[in-house]
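**Student:** Residue numbers (my numbering): 2 to 400.
Note that the Cβ used here is the ideal one computed from N, Cα and C, for glycine as well.
Mind looking over this structure? Questions follow.
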């Protein structure tokens with residue numbers, strides 16, 4: 002570190018250079034995050050100093066968090082939203098860690114027993130981290146033709162060492178939702194907790210116009226014990242902002258005490274969240290944007306993103322490709338084998354600056370149609386993709 006500081010002008014000159022190295026979101030169709038809403042940004046700045054790890058100093062921010070949890074529980078069709086327990090996290094990974102921690106802590110197995118967790122084959126990579134952290138086995142289920150967990154496969158993986166079940170509402174690769182209704186019944190049958198990872202779908206599925214039993218994943222299903230959802234994805238909040246919700250305090254019986262620690266030097270007597278310091282600014286940003294948009298605003302946003310997705314779907318068909326019909330605003334299309342798909346993805350980035358990703362469950366290009374994408378962006382993207390497909394001899398070696 003240098004001995005003397007430099008001027009504000011010099012600092013911001015440096016920051017502008019670093020910012021220029023970052024990717025312009027305009028050409029990003031690989032990320033499940035987007036540009037935060039201006040309301041969220043203003044609220045974030047207003048509460049930049051608040052720390053949820055010392056709640057007695059920030060009573061207003063704590064009240065906002067309580068209201069965010071209640072609003073989220075209402076979205077998830079909780080019969081009594083005020084009964085839901087939970088808090089904001091850094092995102093889906095932290096939320097999933099907490100959910101599985103409580104599953105493991107409640108299980109009566111002895112220390113020498115290898116415990117297991119039943120997850121869909123499409124589960125987010127955070128569950129691989131969790132398995133390593135907690136020394137548990139992941140039992141991955143078979144999938145149906147739409148890449149959703151097969152209930153009969155889920156049931157076949159359960160034994161006396163199973164700590165719980167995982168379902169996905171908006172899986173990372175395809176945006177599909179597992180049959181949560183069936184998983185709820187299985188969870189009840191075997192008296193197991195069921196956690197729904199709705200990091201992406203949590204701010205999508207509740208706002209679809211067509212609400213039916215196939216897109217239900219919340220607390221109206223009796224077997225669902227916890228849900229994670231990320232305001233910093235389709236919720237328009239700032240990064241980082243995640244939510245972990247538990248049906249009620251009874252879900253945490255026999256497990257909360259194992260993570261709860263005394264905090265005599267803070268304004269609270271104990272702390273039971275995974276992280277100590279938690280940014281109250283993310284709480285304020287999430288509260289502000291949820292209150293500002295309301296259900297109507299989120300419905301319009303989801304409708305807009307689905308319109309973008311439908312537009313891309315038709316455009317890809319127009320250049321003789323066969324995209325998978327999207328469940329929500331994630332679209333995949335096969336363009337060849339693994340090597341060819343990687344080559345095309347690299348060329349899209351190197352030649353034209355587009356960021357898309359690849360799926361591994363089946364080999365395909367994957368595009369996420371977030372609010373920052375425009376119809377004009379899609380038209381140009383398809384023209385660029387068509388050019389690459391017609392010029393197979395292009396040399397593209399970037400990442």
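In the DSSP assignment, find the unbroken beta strand (DSSP E) run with residue 428 in it and report its ends.
**Tutor:** No information on residue 428 is available, as it lies outside the stretch 2 to 400 that the chain covers here.
**Student:** So, using beta-carbon positions, are residue 228 and residue 246 closer together than 7 Å?
**Tutor:** yes
**Student:** Between which two residues does the beta strand (DSSP E) harbouring residue 365 extend?
**Tutor:** 365-369
**Student:** Whose C-beta lies closer than 6 Å to the C-beta of residue 360 among residues of the same chain, with five residues either side of it excluded?
**Tutor:** 174, 333, 367
**Student:** Can you name the start and end residues of the alpha helix (DSSP H) that residue 349 belongs to?
**Tutor:** 339-353
**Student:** On a CA-only basis, which of 80, 134, 104 is nearest residue 164? Give me that one, please.
**Tutor:** 104
**Student:** Counting Cβ pairs, one atom from each stretch, are 3 or more of them under 8 Å apart for the region 229-237 and the region 276-296?
**Tutor:** Contact annotation: the region 229-237 touches the region 276-296, with at least three C-beta pairs closer than 8 Å.
**Student:** How big is the Cα-Cα spacing for residue 57 and residue 278?
**Tutor:** 13 Å
**Student:** So what does DSSP say about residue 196, is it helix, strand or coil?
**Tutor:** strand
**Student:** Which one or two residues does DSSP pair with residue 359 in a beta bridge?
**Tutor:** 366
**Student:** Please report the distance separating the alpha-carbon of residue 220 from that of residue 7.
**Tutor:** 54 Å
**Student:** Could you give the uninterrupted runs of the beta strand (DSSP E) lying entirely in the region 192-243, keeping only those of 3 residues or more?
**Tutor:** 195-199, 225-230
**Student:** Report yes if the CB atom of residue 347 is closer than 7 Å to the CB atom of residue 306, and no otherwise.
**Tutor:** no
**Student:** To the nearest angstrom, report how far apart residue 268 and residue 54 are at their CA atoms.
**Tutor:** 9 Å
**Student:** Express the C-alpha separation of residue 76 and residue 273 in angstroms, rounding to a whole number.
**Tutor:** 25 Å
**Student:** Tell me the residue span of the alpha helix (DSSP H) that contains residue 153.
**Tutor:** 152-157
**Student:** Distance check for residue 151 and residue 181, CA to CA, integer angstroms please.
**Tutor:** Across the structure, residue 181 and residue 151 are spaced so that their CA atoms are roughly 10 Å apart.
**Student:** What does residue 142 pair with, by DSSP beta-bridge criteria?
**Tutor:** 121
**Student:** DSSP three-state label for residue 137, please.
**Tutor:** coil
**Student:** Can you find at least 3 beta carbon pairs, one from the region 155-170 and one from the region 190-202, that sit closer than 8 Å?
**Tutor:** These segments touch.
**Student:** Residue range of the alpha helix (DSSP H) that residue 260 falls in?
**Tutor:** 257-260
**Student:** Which ranges does the beta strand (DSSP E) cover as unbroken runs of at least 3 residues, wholly within the region 268-335, from first to last along the chain?
**Tutor:** Here the runs fully enclosed are 331-334.
**Student:** What three-state label does DSSP hand residue 163 in the structure shown?
**Tutor:** DSSP places residue 163 within a strand segment (E or B) once states are collapsed to three.
**Student:** Which partner residues does residue 263 have in the DSSP bridge list?
**Tutor:** 271
**Student:** Give a yes or no on whether the C-beta atoms belonging to residue 139 and residue 116 are separated by under 7 Å.
**Tutor:** For residue 139 and residue 116, no; Cβs fall outside 7 Å.
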